[in-house]
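Each residue of the sequence shown is one higher than the one before, starting from 582 at the first, in the numbering used here. To keep things clear, I will list the structure first and then write my remarks on it.
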Amino acid sequence: MDPGAQAPPLSRRTEFEAIDRWLDLLRTGSEDILVPAGDDAAWLSVNAPIAMSVDRMEEGVHFRREWCAPEDLGWKALASALSDLASTRARPVGFLTTLSLSPSDFDNPDWIDGVVRGMAAAAEAFDAGPVLGGDTVRSISGLGVGVTVVGVGEDGIAPLLRSGARAGDLVQLSGDCGWAALCLTKLMEGGAEAAAQLSQEAQLAWRRPRPRLDLRRTLANATAGIDVSDGLLADAEHLSRASDVRLVLNRDACVSSGLRRAAGPDLAETLALGGGEDYQLLITAPQVLDGFVTIGHVESGTGLAWGNSEPIDLQLWQGWDHGSTV
582 MDPGAQAPPL
592 SRRTEFEAID
602 RWLDLLRTGS
612 EDILVPAGDD
622 AAWLSVNAPI
632 AMSVDRMEEG
642 VHFRREWCAP
652 EDLGWKALAS
662 ALSDLASTRA
672 RPVGFLTTLS
682 LSPSDFDNPD
692 WIDGVVRGMA
702 AAAEAFDAGP
712 VLGGDTVRSI
722 SGLGVGVTVV
732 GVGEDGIAPL
742 LRSGARAGDL
752 VQLSGDCGWA
762 ALCLTKLMEG
772 GAEAAAQLSQ
782 EAQLAWRRPR
792 PRLDLRRTLA
802 NATAGIDVSD
812 GLLADAEHLS
822 RASDVRLVLN
832 RDACVSSGLR
842 RAAGPDLAET
852 LALGGGEDYQ
862 LLITAPQVLD
872 GFVTIGHVES
882 GTGLAWGNSE
892 PIDLQLWQGW
902 DHGSTV
């Protein structure tokens, strides 16, 4: 079947025909795969520790269809899961996906084909490996896209955990936070038309995030790490608690000058510190690592504090909460 051809409604094609079409859009083989997608189970041949992580996006919780193209959703679903591999120093070798289809999706399969195309584009962009398998189910509500990523450790590098930060380490960040939250804020205020007035940097940060797999080898000298998905301060608190240390942060260093110009000083702080969906890496290390900027240091104690020793009240900087909706 031509991958560019218009698909018939799912109600008029079997589940197996739909799966065959989606597999046409996705890469299915690699040297690590003994049995590819299409059998009851995929088999991998890897002589290394295996890392796995799962993420899911639900309509009405993480996205609205009028806010993004289906290709953006597929890209983001895979990219967000890959970010967890990046933060633990794992190399991706493949992924599985689950699609929960709403009743309307069975009559409009082109939108779902777009989701799969976006996933395929992200897999190629980040060398995520082939699709290993998946599942499709009928949803009684909206569309859901789940992704499980599989990675491996390599070169004798141990997993990077949240629990290894030590007093004296530097707290470092791989890039700007807050741009995705700025785009989401505009979407919620005025829909896609309002978000379209933003810079490409802001729009792509929310629609097409880039997991920092490019920094995997740099992380060999890190002591602890986490990807920033729930919000910079929320994830900093996760790392602090796991390591049983205090992170002392430079408030100005946490917010980029570009975001301050685009959003204004007050909103920029709110977005950068509490917005979420940044998919940058927050790490600790004894020295500054290439590709990172220093935003604080680690000391004995617990929790988070600003550089003037003022404790940080996380209630003032609301990170991502799955009890909320978009």
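Quick reminder that beta carbons are idealized off the backbone N, C-alpha and C, glycines included. Every value quoted in this text rests on a predicted model; they were computed, and no experiment measured them.
For Ala-786, the enclosing alpha helix (DSSP H) starts and ends at 781-788. Residues Ser-821, Arg-822, Asp-825, Val-826, Arg-827 of the same chain have their beta carbon placed closer than 8 Å to that of Thr-883, with the five preceding and five following residues left out of the count.
Taking the Cβ atoms as the reference, Val-829 lies roughly 5 Å from Ala-886, within the contact range of under 8 Å. Look at the beta carbons and you see the stretch 692-710 touching the stretch 644-657: at least three pairs across the two are nearer than 8 Å. In the same chain as Glu-850, and ignoring 5 residues on each side of it, the C-beta atoms closer than 6 Å to its own belong to Val-836, in chain order. The beta-carbon distance between Ser-881 and Ala-805, rounded to whole angstroms, is 15 Å. This is too long to meet the 8 Å contact definition.
Here His-643 carries a coil assignment [DSSP, helix/strand/coil]. For Leu-863, the enclosing beta strand (DSSP E) begins and ends at 861-866. Sequence-distant partners of Thr-799 (beyond 5 residues in either direction) whose C-beta falls short of 7 Å from its own C-beta, in its chain, are Leu-870, Asp-871, Gly-872. For the options Leu-813, Ala-703, Leu-895, Ser-626, the alpha carbon positioned closest to that of Ala-761 is the one of Leu-813. Closest by C-alpha distance to Lys-657, out of Arg-789, Ala-803, Val-809, Phe-676, is Arg-789.
Your pair Ala-632 and Thr-669 checks out as a contact, with CB atoms roughly 6 Å apart and the cut at 8 Å. The secondary-structure analysis by DSSP pairs Asp-708 with nothing; it has no beta-bridge partner. In the DSSP annotation of this structure, the continuous segment of the alpha helix (DSSP H) that includes Arg-822 starts and ends at 813-824. Straight through space, the alpha carbons of Leu-607 and Ile-600 are spaced by roughly 11 Å.
When DSSP reads this structure, Ser-668 sits in no beta bridge, so it has no partner.
The Cβ-Cβ distance between Glu-639 and Gly-725 falls below 9 Å.
Of Gly-772, Gly-619, Phe-707, the smallest CA-CA separation from Val-674 is found for Phe-707. Remark: C-beta atoms of Ala-662 and Ser-634 approach each other more closely than 9 Å.
Contact check for Thr-865 against Ala-746 passes: the beta carbons are separated by less than 9 Å. Taken in chain order, the complete beta strand (DSSP E) segments of 3 residues or longer contained in the stretch 705-751 are 712-719, 725-733.
With the rule of 3 Cβ pairs closer than 8 Å, the stretch 843-859 counts as touching the stretch 761-777.
Contact check for Ala-843 against Ala-801 fails: the beta carbons are separated by 9 Å or more. Shown here, Asp-808 sits in a strand according to DSSP, grouped into three states. DSSP, reduced to helix, strand and coil, places Phe-687 within a helical segment of the structure shown. Per the DSSP secondary-structure output, Leu-885 pairs in a beta bridge with Leu-828.
Between Leu-796 and Leu-666, the gap from beta carbon to beta carbon reaches 9 Å or more. By the neighbour-count definition (other C-beta atoms within 10 Å, threshold 16), Asp-716 is an exposed residue. In the DSSP assignment, Leu-625 is bridged to Ile-614. Secondary structure at Ile-631: strand, using DSSP grouped into helix, strand and coil. A Cβ-Cβ separation of about 20 Å leaves Leu-742 out of contact with Ile-876 under the 8 Å criterion. When Asp-847, Asp-636, Asn-628 are compared, the shortest CA-CA separation from Asp-736 is found for Asn-628.
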